[in-house]
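Residue numbers (the working numbering): 544 to 970.
Inspection log for the structure reproduced underneath, given as structure tokens.
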Amino acid sequence: MKQQGRRLGAGGPLRRVQIGNALSAFGSGFTMPYMFVYVDQVRGLGSLAAGMVFTVFALAALAVLPFTGRGIDRYGPRPVLLIGAALAATGAFAFGHATGTPALLVSSFLFGAGVTTCQPALATMIVRCSTKATRSRAFALQFTLVNLGMGIGALVGGQIVDVADPASLTRLFTIEALTFLGLALVTGTARIPAAAPVLVAATGPTGLRALVADKAMLRLCLLAGLIFFTCYGQFESGVAAFATDTVGTAPSTLGLAIGANALTIVVLQMFMVKLTERRRRTTAMAAAGLVWLGAWTMALLAGLVRSEALVATIAIVAVYALFGVGESLLAPTLGPIVADLAPARLLGTYNSGYALVKQIAIAVGPAVGVLLVGSGTWPVYLAAMAACTLLIVVLAVRLRRHLTPAQDNAGPAVPVAVPVRALETAA
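Pasting the structure below:
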């Protein structure tokens, strides 16, 4: 009962976690859109060096995430978050002051390692500060605040950036470093409830071996990888390249489309939470796939009528808005499923494994999208993405058979039918 009381009284810590999330997202929105131009044009190191910076940023995630999960499970999410925030702040500050390729690559590694270390720690904090009944809303609010923070950050950053003035970019990355210190101060000092007690003896594999042995989690990771590859991996790369290079969309119009995406999420998110609370989570994921199929159909329309500027512009804006609808469906579902699948003693490992899949998909997605669009085979690109969205629908429906009713939000499970595994979970 004492543990339950602590969880029900976790509103204050949860608010601090969400504020910290928004702070770090504001900082990311500040700099992420300008990292390429900073390396390529401001420092004059060329597109190859800029590409290497992004590659190292992604590789840093692959290097640290396996250890991040183990650290969260052993020491708790707060010390891991503090380490991640310190790494990210150091990397961002050094990145803004670096002038040569070696220094930029080292800074990028620290930056990427810090950012990706914070993600599973924050997800674990949200699980600890919420109950099963409130978890979907907590993750949806996190998603909304992150998008809002990144959108505002991008708008403010755009007013500061001056390609002809390197000092403006240095100020930008210095401010981002300060936002990560703010994350450490606001969230890293919050009193996070302890992990729920394990009601059965801890047996079986531990660490990543346990995750690999969990067939339901593997299926979820496969589905999540496809989701992140098809949407988030294309959002600012393949789709943006298609819009500007193939359709002829002006950069200002593309900014309007990205703004439409953020506005859609902010307006619809709480409505989607109420909608998905009464439905299976796998149904919400399948619905997101169908919505994204509509987005790729609108992209095809934009490509076919690109000579009609107004119609093509409306179609491109619709693409980004439909992406936002699908994202709003996914926000209350993916994170809570991971939490419900994870044994309490391995919550950090499961969150880190999920984050690892996300980072790989987001790293591979832009390479595939830009390659296909850049080679002039945009119909192949759109067809491939449409096929991926259909596969999302199929995999979401098939995942249903591998989840318990509680994990799929299909109603309360019958007490006598609850397996021992369910008593171990972080939910």
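Backbone N, C-alpha and C define an ideal beta-carbon position, used for all residues, glycine too.
Specify, as a first and last residue, the run of the alpha helix (DSSP H) that residue i falls within.
i	result
Cys661	Thr644 to Arg671
Tyr893	Leu890 to Gly917
Ile735	Counting along the chain, Ile735 falls outside any alpha helix (DSSP H), and DSSP gives it neither H nor E.
Tyr577	First-last for Tyr577: undefined, no H or E at that position.
Glu851	Glu851 -> no alpha helix (DSSP H), and no H or E assigned at all.
Ala707	Here Ala707 belongs to no alpha helix (DSSP H), and DSSP marks it neither H nor E.
Glu820	Pro794 to Glu820
Phe597	Gly589 to Tyr618
Asp951	Neither: Asp951 is in no alpha helix (DSSP H) and is coded neither H nor E.
Ala887	No alpha helix (DSSP H) holds Ala887; DSSP gives it neither H nor E.
Lys758	Lys758 to Ile770
Thr826	Arg824 to Leu847
Arg941	Trp921 to Leu942
Would you kindly work out how many angstroms separate the C-alpha atoms of residue i and residue j, rounded to a whole number?
i	j	result
Asp951	Phe638	43 Å
Ala786	Arg559	38 Å
Leu726	Ala628	7 Å
Gly867	Arg822	20 Å
Ala744	Pro886	The predicted model places Ala744 with a pLDDT of 47, which falls under 50 and marks its position as unreliable; any figure quoted below should be read in that light. Answer to the nearest angstrom: the Cα atoms are 11 Å apart.
Ala953	Leu712	49 Å
Thr856	Ala805	17 Å
Leu973	Leu588	Given that the chain is displayed from residue 544 to residue 970, the structure contains no residue 973 and the question cannot be resolved.
Thr732	Ala635	22 Å
Arg762	Ile880	12 Å
Using a threshold of 8 Å, state whether the C-beta atoms of residue i and residue j are closer than that.
i	j	result
Thr876	Met828	yes
Thr722	Leu566	yes
Ala568	Leu665	no
Ser895	Pro609	yes
Val782	Val862	yes
Ala838	Leu872	no
Cys764	Glu870	no
Ala592	Val582	yes
Ala631	Val658	yes
Leu915	Val923	yes
Thr574	Gly700	yes
Pro663	Gly612	yes
Leu653	Thr633	yes
If residue i and residue j are in contact, beta carbons under 8 Å, what's the gap, nearest whole angstrom?
i	j	result
Leu884	Ala759	6 Å
Leu890	Ala882	7 Å
Gln561	Gln685	6 Å
Thr932	Leu836	4 Å
Ala842	Leu925	6 Å
Ile770	Asn690	Ile770 to Asn690, Cβ: 16 Å. No contact.
Thr825	Ala939	5 Å
Arg680	Val790	Not confirmed; about 37 Å, so no contact.
Go through its chain and collect everything with a Cβ distance to residue i's Cβ below 6 Å, but skip five positions before and after it.
i	result
Ser651	Val596, Val599 and Phe600
Gly912	Gln777, Ser780 and Gly781
Gly917	none
Pro709	Val585
Val755	none
For residue i, which residues of its own chain have a beta-carbon under 7 Å away from its beta-carbon, when the five flanking residues on both sides are left out?
i	result
Leu860	The residue you asked about is not Leu; residue 860 is Val in the sequence shown. Around Val860: Leu799, Ala800 and Ala803.
Arg734	Pro556
Val900	Cys764, Ala767 and Gly768
Thr717	Phe636 and Gly639
Gly563	Leu726, Val729 and Thr730
Should residue i be flagged as near chain D, meaning a C-beta pair shorter than 8 Å?
i	result
Gly657	Absence of chain D from the displayed structure is noted, only one protein chain being present.
Nearer than 7 Å: is that true of the beta carbon of residue i relative to any heavy atom of the ligand SAM?
i	result
Leu799	Ligands displayed in this structure: none; no statement on the ligand SAM is therefore possible.
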